[in-house]
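Adding 862 to a residue's 1-based position in the sequence shown gives its number in the numbering used here. We put the beta carbon where it would ideally sit given N, CA and C, even for glycine. Heads up: the structure comes next, in structure tokens.
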Amino acid sequence: MRQRDGNEQPIKGRRANRAKARAIAVPSVADLQKQVSILSRELKETREQQSATAEVLKVISRSTFNLQAVLQALVESVARLCDADMAQITRQRGGVFFRAEAYGFPDQFIEYSRTIPVAADRGSAIRSALLEGTAVHIPDALADPEYTFTEGQRLADFRAVLAVPMLRDGAPIGVIVITRKEARPFTQKQIELATTFADQAVIAIENVRLFDEVRTRTRDLTDALTYQTGSANILKVIASSPTDVEPVLTAIVESACVICEAEEAHVALRDGDHLVFQVQHGSAPVVWKRRPINRLWVTGRAAVDRRAVHVHDLLSPEGDEFPDGRELARRDGARTVLAVPLLREGECIGVIALRRMEVRPFSEKQIELLQTFADQAVIAIANVRLFDEVQAKTRDLEESLQQQTATADVLKTISRSSIDLETVLDTLVETVARLCRADQVYMFHLRHDLWHLIAACGLSAEAREFFQTHPFTPGRGSTSGRAALERRAVLIPDVLQDPEYTLSEGQEIAGYRTTLGIPLLREDTLIGVYSIARTLVEPFTNKEIELATSFADQAVIAIENARLFDELRGRQAELRVTFDNMGDGVVMFDTAARLTAWNRNFQEMLELPDAFLAARPSFAEYFRYLAERGEYVSADLEAQLSRTVEDTRLEMRFERMRPDGRVIEVRRNPVPGGGFVLIYADITERKRAEQAVRAARDAAETALRELQTAQASLVHAQKMAALGQLTAGIAHEIKNPLNFVNNFAALSSELTDELSDVLKPVALPSKVREEVSELTGTLKDNLGRVVQHGRRADSIVKNMLLHSREGSGEHRAVEINAIIDESLNLAYHGARAEKQGFNITLERDFDPAIGVADIYPQEVTRALLNLISNGFYAATQRAGTAGNGFEPRLKAATRNLGDRVEVRIRDNGNGIPLEIREKIFNPFFTTKPAGEGTGLGLSMSHDIVVKQHGGTIEVVTEPGSFTEFVITLLRVMP
């Protein structure tokens, strides 16, 4: 029957009966002797268990590298203490469990069990412990129906079995099993003891695993440090040779040769179609200076293929591809060659090569490293001049990082230690002397290259004075000096028998014979040493040496804490001076929102009495005090700030005026770890300066706007004047020739008719008469077109004259609704007179409150006529294509905008396509057919509204639906 580990509840009734029995009957001497015997046996078992546990822990602490020895000691101890005949550990490797260290099992069982895989099932105690993760106890394996490990039981002849899992983070990593050859179950106490040993086994396994990880990491870091050291040396050379690349290449080949374990390394740079030898390091000769680049030798192929080429043996069949390289190998003795190209932006600028005189291929890491060196060579060649700047910046960053790290370490130590060094060290040497059974203890601190006594125990007054007044130099002539040199514990059984011991005067005064020296190390830095001594020849035991070594670590912590505490006190004094002399007022509150510190400026700025601050008020009390004193001039500010009193975690920043008229800025910032700080700054002068600057800025902006308006008007006037001059020239230069063209074209048309009349009575062949009629007809048609286009040119010239003319008359106040209505009527009747049958529905939506505006009425009328005429044209064009059901409409609307007026002209034409919308205000741009538009109407309207009147004109359109022009004019012109 299997038993699982669990906690048994005590039986209260039995204990109660025993209590009653004790109350009724007095125990006899035999009973007392029996109880003493039981207690003695339990005490003996407890001592044995503690001794075994200590031995196992001692083995664990001393055998970090030898897991098998630790586990072997553990199985022997658990078998002995649990009264078991045999014990074994099953542990895990690579995800598979196997039986390992054993005690008491016969050889045939061990050989058999190693061939049987261990799986998590119920076939044995070990498998069940792995499956369930708890201790499994089988009082008799032969009586257990689930037990299937029968062959193993037969070979080892065990009956009772106890298996305890070794758990790490709740998962089994192995099992400790103990067995007995008789069917005698293990007690609950033995099960608990076995569980304790299982925990110790887990610790041992974890220690070894962690040590292996650390050792692997250390090896990787060592390799990385070696590579980084090589790179650092190269960078150092780059920094020292800003104009010469040869020292850099020399450093690269030296590092590559040493780190990659090659007999020779060299660099060749590309010169046209050749590689030219540059630098070399190593014992093997280079038998060439300049060679053509081709694939017949290793270095040349690396340059051609632009990749690394690695030949394991040039004299083997592998070298058949490199006939020139093999010839070089016969001359210089090279066997293994590695060549890596120097690539810059994909182009080869050289090659770095390594050679070995024996057949020993390079590793992948060495190949990668050489490629890194090649990259460094390229960087050095291309960027050597920039390295000084990089190095300077790197140095600054390193110094900054060191300062920050040192500050963090100091703060951390301050938070943990502020103790008296002398008291700690005196207590420490006294404790060492007592526990290590030493007669004397000396502790020395290294200062100015001499060992000075800083603590002692058991010395006579004469000996203490001697060592205090005679600091000694490090060396092998003393125990302390020898321990400092070797950086380990040094034991001298008898100083009088040690040939190297020379501190004879001190020995004669103090009278010691056996000495033990322990170095005090802080991060591998020697900061002190201490010695313990006996006046008799009695060497210290290993346990005493280990104990003394542990006290050395405590001494290092104490010395370091004291040093940092002294620095902290000095720094605090400096900070206090700085705090009191700050220009701003500063006050600090702790995590309970109670006043903890303030500076002089804070007290003076708010005129706070000493008694109030000395009472250390809370933040709420401090706020109420200021409010009652009338500090918050504004009731709204007081109410707003009162809501922030409870939640002091929020940052806060505001400005307020004091009763005396001064303006102060208050900032509240939380402090990491709890509490907050208030900073008061008197910004009265700054506010006055800001107000003056603001007034000056407003005046400057007003002047700038007036200047820009005047400048725009002047520019517009200049443009119009220039355009007027240009138009006058055009009228003078083009008008007369254009009149001649029009007049002579009309006259020629009449002459064509007369020519036809003259030729009518003349007898001509019919064919000739047909040709003459055709020619005269064509000529008359062409002359008609000349007349048509001449009239269009004349219209363009007239419109240009109108476009260039500046505002007619003077600007004056005009009724906006009246001028809009007048423009609609003029445009409508003009269109009807020009085109018979023209008709369109006019809609008016005038704002009666719009009133008058200061404008040039003639110019605004011209602009409105252009926009209304365009609307007529667009609506009638759509009507011509949409059919009889479409009714052309045009709507004019006005709106009062206060200091501005708005006019909207909307038609229901086809709209304006998006691709030409941005061009419609450009001069001479039109979408109308030839002869129907000049392209100047919208341009002229834009200039009248925007440039002449300082308004805006925008277009809103939806293709296929409508177009609306929105004009905004200032009610009073600037």
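Limits of the beta strand (DSSP E) - the one that residue i falls within
i: Asn-1758; result: 1751-1758
i: Ser-1393; result: 1387-1396
i: Pro-1381; result: 1376-1384
i: Pro-1185; result: Looking at the DSSP string, Pro-1185 is not in any beta strand (DSSP E); the run it does join, the alpha helix (DSSP H), is 1185-1194.
i: Arg-1766; result: 1762-1769
i: Asp-1301; result: That residue, Asp-1301, is in no beta strand (DSSP E); it is neither H nor E in DSSP.
i: Leu-1457; result: 1457-1460
i: Arg-1153; result: 1152-1154
i: Asp-1472; result: No beta strand (DSSP E) contains Asp-1472, which is instead part of the alpha helix (DSSP H) from 1472-1476.
i: Phe-971; result: Here Phe-971 belongs to no beta strand (DSSP E); instead the alpha helix (DSSP H) covers 969-975.
i: Glu-1126; result: 1126-1133
Span of the alpha helix (DSSP H) around residue i
i: His-1804; result: 1799-1804
i: Gln-1739; result: 1719-1744
i: Ala-1489; result: 1481-1490
i: Gly-1692; result: 1678-1696
i: Gly-1373; result: Taken as a continuous stretch (DSSP letters only), Gly-1373 belongs to no alpha helix (DSSP H), as it is neither H nor E.
i: Ile-988; result: 987-994
Contacts around residue i, its chain only, beta-carbon distance under 7 angstroms, and the 5 residues preceding and following it disregarded
i: Leu-1409; result: Leu-1297 and Cys-1298
i: Thr-1397; result: Asp-1301, Gly-1373, Tyr-1374 and Arg-1375
i: His-1314; result: Phe-1306, His-1307 and Pro-1333
Residue i and residue j closer than 7 angstroms at C-beta
i: Thr-1376; j: Val-1399; result: yes
i: Ala-1736; j: Gly-1771; result: yes
i: Ala-1345; j: Leu-1382; result: no
i: Ala-931; j: Ala-987; result: no
i: Glu-1123; j: His-1143; result: no
i: Phe-1827; j: Ile-1767; result: yes
i: Ile-951; j: Val-937; result: yes
i: Ile-1371; j: Val-1448; result: no
With 16 other Cβ atoms within 10 Å as the buried cut-off, status of residue i
i: Asn-1156; result: exposed
i: Ser-1225; result: exposed
i: Gly-1733; result: buried
i: His-1310; result: exposed
i: Ser-1666; result: Annotation note: pLDDT 49 at Ser-1666 (below 50); position unreliable, coordinate value reported separately. So Ser-1666 ends up on the buried side.
i: Asp-1707; result: exposed
i: Gln-1052; result: buried
i: Gln-1810; result: buried
i: Ile-1778; result: exposed
i: Ser-1784; result: In the sequence as displayed, the identity of residue 1784 is Asn instead of Ser. Exposed, since its Cβ has fewer than 16 Cβ neighbours within 10 Å.
i: Ile-978; result: exposed
i: His-1307; result: buried
i: Leu-1800; result: buried
i: Thr-1161; result: buried
i: Gly-1822; result: exposed
For residue i, three-class secondary structure by DSSP
i: Pro-1179; result: helix
i: Phe-1329; result: helix
i: Glu-1108; result: helix
i: Phe-1824; result: strand
i: Val-1449; result: strand
i: Glu-1348; result: helix
i: Ala-1558; result: helix
i: Leu-936; result: helix
i: Tyr-1363; result: coil
i: Cys-1210; result: strand
i: Val-1138; result: strand
i: Pro-1599; result: helix
i: Thr-1049; result: coil
i: Arg-955; result: strand
i: Leu-1232; result: helix
Residue i CB to nearest heavy atom of the ligand MG below 6 angstroms
i: Leu-1083; result: In the structure on display, the ligand MG does not appear, and there are no ligands present to speak of.
Neighbourhood of residue i by C-beta, 8 angstroms cutoff - its chain only, sequence neighbours within 5 removed
i: Leu-1617; result: Thr-1638
i: Ala-1033; result: Gly-995
i: Thr-1723; result: Ile-1681, Glu-1684, Ser-1685 and Leu-1688
Beta-carbon proximity list for residue i, same chain, < 6 angstroms, skipping 5 on both sides
i: Val-1064; result: Met-1028 and Arg-1030
i: Leu-1393; result: First, the residue type needs correcting, since residue 1393 is Ser and not Leu in the sequence shown. So the list reads Tyr-1304, Thr-1341, Ser-1342, Thr-1377 and Gly-1379, once near-sequence residues are dropped.
i: Ala-962; result: Ile-951 and Arg-953
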